[in-house]
Amino acid sequence: MLLALLALVQAASAAMLLALLALVQAASAAVSSFNYVPLGSNPTLYTPGFEPIMHLDQHTFSDTVFGQDHAFVVEFYADWCGHCRAFVPFFRQFANYVREWNSVVTVAVINCADPFNAQTCRDNGITYYPMIKVNSCFSINSTLL
């Protein structure tokens, strides 16, 4: 009887430890939001908190985009790029069109001209601007659109 009780306590302790570990991992995740102002020093082409466009950076990209229960459409841009600046009204309009579908798809941007984001842009194979990639539900990588 004592052995069975000890085994039960050990199993409960292991389950609590796993739950605590999951909680710590979730707390350390850096997930963006629509009000998030990206880290880095370069200006952005979109206004955080004003439009239905989520801003990403090196710190928030992976935890925000990968493994989610909805898709992400991400524009990789450079703030100095003329084509990117010309594309802003179209991408902004697209974001407003899909705003009501936020539980299915989130529109996001990342400024690759900011040195803070350079590694993320390299990791995603960005070679020109603007580039749009789609991350499907529960994805671990992007698809070029």
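Just so we're aligned: the sequence shown equals residues -29 to -1, 1 to 116 in mature numbering (1 follows the signal peptide of the UniProt record, and there is no 0). Every residue, glycine too, gets a C-beta built ideally from N, C-alpha and C.
Shortest Cα-Cα distance from glutamine 39 to any of Phe21, Val76, Tyr48, Val80 involves Val76. Counting only residues of its own chain and dropping the five nearest sequence neighbours on each side, aspartate 85 has a CB closer than 6 Å to the CB of Gly11, Asn13. Between valine 105 and alanine 42, the beta carbon gap of about 6 Å places them in contact (Cβ cut-off 8 Å). Taking the Cβ atoms as the reference, valine 78 lies roughly 12 Å from valine 36, outside the contact range of under 8 Å. Valine 80 counts as buried, since at least 16 other C-beta atoms from the protein chains shown sit within 10 angstroms of its C-beta. Counting along the chain, tyrosine 7 sits inside no alpha helix (DSSP H), nor does DSSP assign it H or E at all.
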